[in-house]
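Report on one structure; see the data block that follows.
Residue numbers (this note's numbering): 526 to 647.
Shown next, in the form of structure tokens:
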């Protein structure tokens, strides 16, 4: 079934919200990132938030999934031809890089949000 323009636009908007929330949650933390700020940075109104998510907790859950996918893509980029220890070393070089350390909003979700997950609800 082919998607109509409205459905496509809704998916694009949701992806934008997930990208912004992923960055803000990693940089600032979940608790201090408000829906108003998040939506403003996504270029949308706060009222549109609930067209995509049931709650901020729902957004957090979906953002975690989104962040893990992004991290996986980033860490495994251009390693398709590598195997075994060679692949592990390439991924570790990326993960342990200065750029990864200096820009947590672009990096792995685990260091940035481990304490958030611990304090969060099920």
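Even for Gly, the Cβ is constructed at its ideal location relative to N, Cα and C.
The structure presented is a predicted model; accordingly, all values stated were derived computationally and were not measured.
Asked, Found
"Within the stretch 552-602, note down every full alpha helix (DSSP H) run reaching 4 residues or more, in order along the chain.", "560-566, 581-601"
"From residue 613 to residue 532, what distance separates their C-alpha atoms?", "39 Å"
"In chain order, what residues of the same chain lie with their CB nearer than 8 Å to the CB of residue 588, ignoring the 5 residues before and after it?", "543, 546, 547, 550"
"Quick check on residue 570: buried or exposed, where buried means 16 or more other Cβ atoms within 10 Å of its Cβ?", "exposed"
"Between the Cα of residue 585 and the Cα atoms of 619, 639, 628, which residue gives the shortest distance?", "639"
"Quick check on residue 609: does DSSP put it in helix, strand or coil?", "helix"
"Taking all protein chains shown into account, decide if residue 582 is buried (16 or more other Cβ within 10 angstroms of its Cβ) or exposed.", "exposed"
"Whose C-alpha, out of 539, 527, 641, 633, is nearest the C-alpha of residue 598?", "633"
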